[in-house]
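Peer 1: Sharing a structure, written as structure tokens. Questions coming.
Numbering (the numbering used here), first residue to last: 240 to 766.
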């Protein structure tokens, strides 16, 4: 086959992938006097239409007919009428120029596996109809809704109620894929020479799936394990539970487990086996959290994008936590990605969040930082109520975590947490509370069976409240608690089912002096 034939055949096969050219697209200006190749270059740039041709065919030819108001094929044909060249608009997609296109025909198939559709050669640019019926190979029942698809042209169709199909395609060589649900697909290599018919039988087939393994803890896992009453939830499980206004709440998710409840819809904690909320120890990366909620229980104080897993010890917890009457809630934050940078976030009805992470030193040090803020003040100020417009209810929190791998046996993590809530009802009752926590953790591996961990943590919780409703009873109340803790823990694995944990812990609690101030003194007149 000559180069010219090959070029034409290649253009015909690839044409459907090029940009669409409208059939009624008409030229808006005159190209008279320009060279034919220059005019075609201008047309391609101005109309975004693909025009293919051999430059040798139109060498030294000038434009004699202006072309204004004509379609692109009409413009080319009028200017090349005496040269034996012809313009063809192929399938409404691409315009190309071929030298005597009637001479190029699809040759007969040399491969016996190819199926020839049609009984005569058509012009290369001709679009013909291929039809047929798809049936069940076992009982000849028609297949309804079966698919006929040609991937190289990105065109296809489905069968009707009688299993019949009809598809308009250009003549050429293609792979037609016949498929239907619960049947084995049948790809068929065909050469389409003209309009014709191809009936296909499909047979029922089985699809071999990959092995599916389902694992779960036994019903008695919580009493058979070394620490009784342990409930574990990873963040993926927590995110699947219902949310309040789009906010995932790791603490509220625990109430779906037996023995755990809340005192009300807007309570600021949780109750375990009948205990009070103050009888629960809540720690985040080793630092104590004294108030686990925002806005009086509406929202959780924990950013779900930062949490890795949640462990709840019902019944006091292990000795290395110091113990509580009801339970210990241990929340662990995840490490940042030490290979690539990532940013994600979310927008809710009353708050938004943003998290960023990435490597500081690739595969050695990483950072993770996330924050949340509410825009409830913006919503309150747009409610047509004077008291609500003069009220405030807002919160924000910030988490940050750094990881540094000193060596294969040592790594250090630092975690920081900051939160603040502000509530003001009509300027009469004001409540502010906030938390500042920091924790430093150093892990050292001595061998295959021994591991040590050192924690240094600080927790700072403060509350400020004011009541300005009554001048006589106006007051301001401030208090707070600071905690510093140092803990060293040594773990020795004697057996896969047995381990020995030793450690020492130092705790220092400081309570701020409570102050109650009258904001306005009462003047008593002399008698």
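Positions of the beta carbon are idealized from the N, C-alpha and C atoms, including for glycine. Quick caveat: nothing in here was measured; it's all calculated off a predicted structure.
(1) Rounded to whole angstroms, what is the Cα-Cα separation between residue 534 and residue 383?
(2) Look at the alpha carbon of residue 294 and the alpha carbon of residue 433, and state the distance between them as a whole number of angstroms.
(3) In the DSSP assignment, the alpha helix (DSSP H) including residue 277 goes from what residue to what residue?
(4) Under three-state DSSP, which class holds residue 474?
(5) Quick one: is residue 611 buried, meaning 16 or more other Cβ sit within 10 Å of its Cβ, or exposed?
(6) Taking 8 Å as the cut-off, does the stretch 572-579 touch the stretch 554-564 (at least 3 CB pairs, one atom from each stretch)?
(7) With burial defined as no fewer than 16 other Cβ atoms inside 10 Å of the residue's Cβ, what is the status of residue 513: buried or exposed?
(8) Run the CB neighbour count on residue 255, radius 10 Å, all protein chains shown included, and call it buried at 16 or more, exposed below.
(9) With a Cβ-Cβ cutoff of 8 Å, do residue 288 and residue 297 count as a contact?
(10) Does the distance from the C-beta atom of residue 714 to that of residue 703 stay below 8 Å?
(11) Just checking my contact of residue 469 with residue 552 at CB under 8 Å: how many whole Å lie between their CB atoms?
(12) Report the option in 743, 317, 637 whose CA atom is closest to the CA atom of residue 728.
(13) Going by DSSP in three states, residue 326 sits in which element: helix, strand or coil?
(14) Would you kindly check if the distance between the Cβ of residue 414 and the Cβ of residue 405 is under 8 Å?
(15) Rounded to the nearest angstrom, what separates residue 403 and residue 370 at their Cα positions?
(16) At what residues does the beta strand (DSSP E) containing residue 716 begin and finish?
(17) Let me know if residue 306 comes out buried or exposed under the rule of 16 or more other beta-carbons within 10 Å of its beta-carbon.
(18) Answer yes if the stretch 521-531 comes into contact with the stretch 617-635, meaning at least three C-beta pairs across the two stretches below 8 Å, and no otherwise.
(19) Looking only at its own chain, which residues have a Cβ that is under 6 Å from the Cβ of residue 184, when we skip the five neighbours before and after it?
(20) Can you tell me whether residue 473 is buried or exposed, with buried defined as 16 or more other CB within 10 angstroms of its CB?
(21) Assuming residue 682 and residue 697 are in contact, meaning their beta carbons sit under 8 Å apart, how far apart are those beta carbons, in whole angstroms?
(22) Taking 6 Å as the limit between beta carbons, can you name the residues of its chain near residue 407, skipping five residues before and five after?
(23) Residue 489: which of 605, 318, 543 sits nearest, CA to CA?
(24) Rounded to whole angstroms, what's the CA-CA distance from residue 451 to residue 519? Just pull it up for me.
(25) Does the Cβ of residue 372 have 16 or more other Cβ atoms within 10 Å, making it buried, or fewer, making it exposed?
(26) Please work out which residues of its chain come closer than 6 Å, Cβ to Cβ, to residue 670, disregarding the five sequence neighbours upstream and downstream, and give them in chain order.
(27) Pull up the DSSP beta-bridge partners for residue 405, would you.
(28) Please confirm whether residue 674 and residue 656 have their CB atoms less than 8 Å apart.
(29) So is residue 540 buried or exposed if we call it buried at 16+ other beta carbons inside 10 Å?
(30) Quick check on this structure: which residue in 480, 303, 267, 284 has the alpha carbon closest to the alpha carbon of residue 274?
(31) Looking at residue 357 and residue 431, is the spacing between their C-beta atoms short of 8 Å?
(32) Please classify residue 381: does DSSP put it in a helix, a strand, or coil?
(33) Expressed to the nearest angstrom, what Euclidean distance is found between the alpha-carbon atoms of residue 581 and residue 736?
(34) Roughly how many angstroms separate the alpha carbons of residue 549 and residue 454, rounded to a whole number?
(35) Residue 622: buried (16+ other C-beta within 10 angstroms of its C-beta) or exposed?
(36) Tell me the residue span of the beta strand (DSSP E) that contains residue 663.
Peer 2: The structure says:
(1) In the chain shown, residue 534 corresponds to position 295, counting from 1. In the chain shown, residue 383 corresponds to position 144, counting from 1. Whole-angstrom Cα-Cα distance: 58 Å.
(2) The residue given as residue 294 occupies position 55 in the chain shown. The residue given as residue 433 occupies position 194 in the chain shown. Each residue's alpha carbon lies about 31 Å from the other.
(3) Residue mapping note: residue 277 aligns to position 38 of the chain shown, counting from 1. 275-286 is the extent of the alpha helix (DSSP H) around residue 277.
(4) As a working note, residue 474 is residue 235 in the chain shown. Correct three-state label for residue 474: helix.
(5) Working through the chain shown from its first residue, we reach residue 611 at position 372. The Cβ neighbour count for residue 611, taken over all protein chains shown within 10 Å, is at least 16; the residue is labelled buried.
(6) no
(7) If you number the chain shown from 1, residue 513 lands on position 274. By the neighbour-count rule (16 or more Cβ atoms within 10 Å), residue 513 is not buried but exposed.
(8) Against the chain shown, residue 255 aligns to sequence position 16. At residue 255, the pLDDT of 43 sits below 50, so the modelled position is not reliable; the number obtained from the coordinates is stated separately. Counting of Cβ neighbours within 10 angstroms places residue 255 among the buried residues, the total reaching 16 or more.
(9) Numbered from its first residue, the chain shown carries residue 288 at position 49. Numbered from its first residue, the chain shown carries residue 297 at position 58. Going by C-beta atoms, residue 288 is not nearer than 8 Å to residue 297.
(10) One-based indexing of the chain shown puts residue 714 at position 475. One-based indexing of the chain shown puts residue 703 at position 464. Contact flag unset, no.
(11) Here residue 469 refers to the residue found at position 230 when the chain shown is read from its first residue. Here residue 552 refers to the residue found at position 313 when the chain shown is read from its first residue. Right, the Cβ-Cβ distance comes to about 6 Å (below 8 Å), so this counts as a contact.
(12) Working through the chain shown from its first residue, we reach residue 728 at position 489. Looking at the Cα atoms, 743 is the closest of the given residues.
(13) As a position in the chain shown, residue 326 is number 87, starting the count at 1. Secondary structure of residue 326 (DSSP, three-state): strand.
(14) Translated into positions along the chain shown, residue 405 becomes position 166. Translated into positions along the chain shown, residue 414 becomes position 175. Not a contact, by the Cβ cut-off of 8 Å.
(15) Residue 403 sits at position 164 when you count from the first residue of the chain shown. Residue 370 sits at position 131 when you count from the first residue of the chain shown. C-alpha separation (whole angstroms): 7 Å.
(16) For the purposes of this step, residue 716 is taken as the residue at position 477 of the chain shown. From DSSP, the beta strand (DSSP E) with residue 716 extends over 714-734.
(17) Stepping through the chain shown from its first residue, residue 306 is reached at position 67. Flag for residue 306 reads buried.
(18) no
(19) Residue 184 falls outside the range modelled here, since the chain spans only 240 to 766, and no answer is possible.
(20) Within the chain shown, the letter at position 234 stands for residue 473. So residue 473 ends up on the exposed side.
(21) Numbered from its first residue, the chain shown carries residue 682 at position 443. Numbered from its first residue, the chain shown carries residue 697 at position 458. Contact doesn't hold; Cβ gap of about 19 Å is too wide.
(22) Translated into positions along the chain shown, residue 407 becomes position 168. Answer for residue 407: 366, 368, listed in chain order.
(23) For this step, residue 489 is matched to residue 250 along the chain shown. It is 543.
(24) One-based indexing of the chain shown puts residue 451 at position 212. One-based indexing of the chain shown puts residue 519 at position 280. If I take the Cα positions, the gap works out to 40 Å.
(25) Reading the chain shown from its first residue, position 133 is the one you call residue 372. Looking at its Cβ environment, which holds 16 or more other Cβ atoms inside 10 Å, residue 372 is buried.
(26) The count along the chain shown starts at 1 and reaches residue 670 at position 431. Excluding sequence neighbours, residue 670 sits near 662, 704.
(27) Working through the chain shown from its first residue, we reach residue 405 at position 166. For residue 405, which the question treats as bridged, DSSP gives the partners 370.
(28) Sequence index remark: in the chain shown, residue 674 carries index 435 (1-based). Sequence index remark: in the chain shown, residue 656 carries index 417 (1-based). Yes, these two residues count as a Cβ contact at 8 Å.
(29) Along the chain shown, read from residue 1 onward, the residue named residue 540 stands at position 301. Its Cβ being crowded by 16 or more others within 10 Å, residue 540 is buried.
(30) In the chain shown, the residue the question calls residue 274 occupies position 35. With distances taken between CA atoms, residue 274 lies nearest to 303 out of 480, 303, 267, 284.
(31) Indexing the chain shown from 1 puts residue 431 at position 192. Indexing the chain shown from 1 puts residue 357 at position 118. Going by C-beta atoms, residue 431 is nearer than 8 Å to residue 357.
(32) Working through the chain shown from its first residue, we reach residue 381 at position 142. In this structure, residue 381 counts as strand in the three-state DSSP scheme.
(33) Counting from 1 along the chain shown, the entry for residue 581 is found at position 342. Counting from 1 along the chain shown, the entry for residue 736 is found at position 497. For residue 581 and residue 736, the distance between alpha carbons rounds to 38 Å.
(34) Numbered from its first residue, the chain shown carries residue 549 at position 310. Numbered from its first residue, the chain shown carries residue 454 at position 215. The alpha-carbon atoms of residue 549 and residue 454 are separated by roughly 20 Å.
(35) Locating residue 622 in the chain shown gives position 383, counting from the first residue. Residue environment for residue 622: exposed (fewer than 16 other C-beta atoms within 10 angstroms of its C-beta).
(36) The sequence position of residue 663 within the chain shown is 424, counting from 1. Where residue 663 is concerned, the enclosing beta strand (DSSP E) stretches over 649-664.
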